[in-house]
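> Counting in my numbering, the sequence shown runs from 1245 upward without gaps.
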Amino acid sequence: LKDAVMSLADSVIAKQAFNAAHNVMVIGEEEKDVVDALDGIMQQNASSETALTEMQKTATEAVNTSIDELMQLVLFKRQTLLQQIDAVVAEQNAELKQQNLRAVQLKLNVLQNDADGMSDAQEFITQTEQSHAQSIGSCAIAVNIDLNRLDGAIAKYCGLRVSGVGLRLGAASSAQEAAAPTSLYEVCKLVCDPHSLLTSLNDDATVCYKKKLVYTVRGNVPKALSQKHAWVSIDMKPIRSGVHCFRVKIRGRNGFLWLGVRSNANKNIHDLDDYNDVRTFCGGNIFSWYRSDADEETHYVDMFAEDAKDSRADWDLLLTLTAKEQSLKIKRVDDTANRELVIPIQTLDTAWTPHAILFAGGNNDKAYSASNVRMHRLRTECYGQSVQ
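1. What is the residue span of the beta strand (DSSP E) that Leu-1642 lies within?
2. Taking DSSP as the reference, what is the three-state secondary structure of Ala-1365?
3. Here's a check: name, in chain order, each residue in its chain whose Cβ is nearer than 6 angstroms to the Cβ of Asp-1437, leaving out the five neighbours to either side.
4. Please name the residue, chosen from Gln-1590, Tyr-1534 and Arg-1618, that lies closest to Ile-1398 on a Cα-to-Cα basis.
5. List in chain order: all unbroken beta strand (DSSP E) runs of 3+ residues lying wholly within the region 1456-1541.
6. Quick one: any contact between the region 1559-1568 and the region 1612-1627, if contact means 3 or more CB pairs under 8 angstroms?
7. Helix, strand or coil for Phe-1548, going by three-state DSSP, please let me know.
8. Please state whether the Cβ-Cβ distance between Leu-1503 and Gly-1486 is less than 8 angstroms.
9. Suppose the cutoff is 6 angstroms on Cβ atoms and the five residues either side in sequence are ignored; what does the same chain contact list for Lys-1493 look like?
10. Counting only the same chain and skipping the five closest in sequence on each side, list residues whose C-beta sits under 6 angstroms from that of Val-1435.
11. For Asn-1498, does the count of other Cβ atoms within 10 angstroms reach 16, so buried, or fall short, so exposed?
12. Classify Ile-1380: buried if its beta carbon has 16 or more other beta carbons within 10 angstroms, exposed otherwise.
13. So what does DSSP say about Lys-1454, is it helix, strand or coil?
14. Under the assumption that Leu-1428 contacts Leu-1622 (Cβ atoms under 8 angstroms), give the Cβ distance between them as a whole number of angstroms.
15. Within the continuous beta strand (DSSP E) that includes Gln-1570, where are the two ends?
16. Could you check how far apart the C-beta atoms of Asn-1608 and Val-1458 are, in whole angstroms? I think they sit under 8 angstroms.
17. Considering only the beta carbon of each residue, do Gly-1496 and Ser-1532 sit closer than 8 angstroms?
18. Under 8 angstroms by Cβ, that's how I've got Tyr-1519 and Ile-1601 pegged, so tell me the actual separation to the nearest angstrom.
19. Contact check, Asn-1508 vs Pro-1466 under 8 angstroms by CB: the rounded distance?
20. Check the DSSP bridge columns for Val-1431 and list the partner residues they point to.
21. Who does Gly-1628 pair with in a DSSP beta bridge?
22. If contacts are defined as beta-carbon pairs under 8 angstroms, then Gly-1372 and Gln-1343 qualify, I think. What distance do you get, rounded to the angstrom?
23. Please report the distance separating the alpha-carbon of Ser-1470 from that of Leu-1445.
24. Going by alpha carbons, who is nearest to Leu-1655 out of Ala-1347, Ala-1552 and Thr-1460?
25. Taking DSSP as the reference, what is the three-state secondary structure of Ser-1310?
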């Protein structure tokens, strides 16, 4: 058998582990490669099981820690409410005691046939009766604890952000895709609506040009076209987790500048300028308002109102998607006033892409001009600071 096996150049001998002394298995090189690959998968799965166990331990500790802190907040709120109830009751009791003392004193004066005491007592009785009539029902303590809204808030803000669900053989992990830039900043490729008459890209797709389309009575720009919006995004795989910093460089006047992030909820490229779609966008016109995702309410702010006059401005977006915080922060680079707009992100387990929306110009010739947009990816420590 040995001579027969060794005479085959493309064969190997593998002894079976359960009976190495008497059992011999002969397989070819191709079969051996397959067996080795299967052994490798089993070893990789064993490592994955160990990593999953460690991840389970870490996630459980994070949940227990956060929920413990939440319970402490609830207990503190309960203590505060009870103290407020005690304070209200104590204040009312003090007023009643003062009235009783005054009534006793006036009663003694009346019994002593004091003429002034009689008039004072009658005046006191009138005032007290009026006070009692006005306060009927007004001293009730109403406890306002809306359990339905609290349950909704807990459901919205307490959850798991799970990335990399399932095993994708041969694909890069989300952690690798979300790695920090190797240098302080990296120039990003851009993408915009290819059918838009308002925006276009340069040859290497690193600069987006926005035309000046301002409507005037004597001009040749149709009014409908001058009221258009156009969008530009970073051409990248959307982000699901981690902390990431991006810089948007604007050259040219833009009285309207929407900055933020968009999700993949809306696939139609022609609708990516519809910033009112709360399913898709988190951000706002930084000069006057912002809106969180899944939030119909518009929040008006004017901290950057004066910046709308500038024709050169760099803006940083800090996107945080961690177990403890989901937010978008916006700063102007090298801002001496250190102003910062903080927008909460409410939708969990969503992929986000940095996004900007520009306006054609309308009928405001002074607030708009031809402009260009560049976007860079930065290390988080550079947030809000110049990078040479």
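A virtual CB, placed ideally from N, CA and C, is assigned to each residue, including glycine.
Here's the rundown:
1. Residue 1642 cannot be examined here, being either before or after the span of the chain that is shown, 1245 to 1632.
2. helix
3. Ile-1513
4. Gln-1590
5. 1473-1478, 1486-1495, 1501-1507 and 1525-1529
6. yes
7. coil
8. no
9. Asp-1558 and Arg-1618
10. Ser-1477 and Asp-1479
11. buried
12. Only weak support exists for where Ile-1380 lies, its pLDDT of 45 falling under 50; the value from the coordinates is given anyway. By the 10 Å Cβ count, Ile-1380 comes out exposed.
13. strand
14. 7 angstroms
15. 1570-1576
16. 7 angstroms
17. no
18. 6 angstroms
19. Incorrect: roughly 33 angstroms between the Cβ atoms, too far for contact.
20. His-1620
21. Paired residue(s): none; Gly-1628 is not in a bridge.
22. Before going on, a small fix: residue 1372 reads as Thr here, not Gly. The pair is a contact, with the Cβ atoms about 6 angstroms apart (cut-off 8 angstroms).
23. 20 angstroms
24. Absent from the structure is residue 1655, since the part of the chain shown begins at 1245 and ends at 1632.
25. helix
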